Amino acid sequence: MRLHTENKLRETDDIKRQCGIFQGDSISPLLFFVCLISLTEQLNRLNTGYEEHTTTTKISHLLYMDNLKLVAKSEEELHKQRQTVETFSD
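Using the working numbering, you'd call the opening residue of the sequence shown number 2 and step up by one each time.
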């Protein structure tokens, strides 16, 4: 790790992590949502999903705890959404 402090560069040996955030950890859902903000934006740009009858807002996906649910009106829309998620995940 490199750290710049007071015009000096401090460097440590590699820091090895042994595990990530455990499922059920109180910070896990927050990190999940923060990490998926850009995926949410990409899915919204597809303009797929179901439109609410009271507004023009379309619902294409749902995030809950550590789950992502895709919502589509047709197999074509679902395929586009799955491709977007796959590209994002890669």
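Even glycine gets a Cβ: it sits at the ideal position worked out from N, Cα and C.
These numbers come from a predicted model, not from an experiment.
Segment limits, beta strand (DSSP E) that includes LEU37 | Per DSSP, LEU37 belongs to no beta strand (DSSP E) and is neither H nor E.
Going by beta carbon distance, what residues of the same chain come within less than 6 Å of LYS59, once the five residues before and after it are set aside?
-> Shown here for LYS59: same chain residues with a beta carbon closer than 6 Å to its own, the five before and five after excluded, namely GLY50 and GLU52 in chain order.
Which first and last residues belong to the alpha helix (DSSP H) in which HIS80 is found?
-> For HIS80, the enclosing alpha helix (DSSP H) starts and ends at 76 to 90.
In three-state DSSP terms, what is ARG18?
-> coil
Is the beta carbon of SER90 sitting closer than 7 Å to the one on VAL72?
-> no
Apart from the five residues just before and just after ARG83, which ones in its own chain have a Cβ nearer than 8 Å to its Cβ?
-> In chain order, LEU71 place their CB closer than 8 Å to the CB of ARG83, counting only its own chain and leaving out the 5 sequence neighbours on each side.
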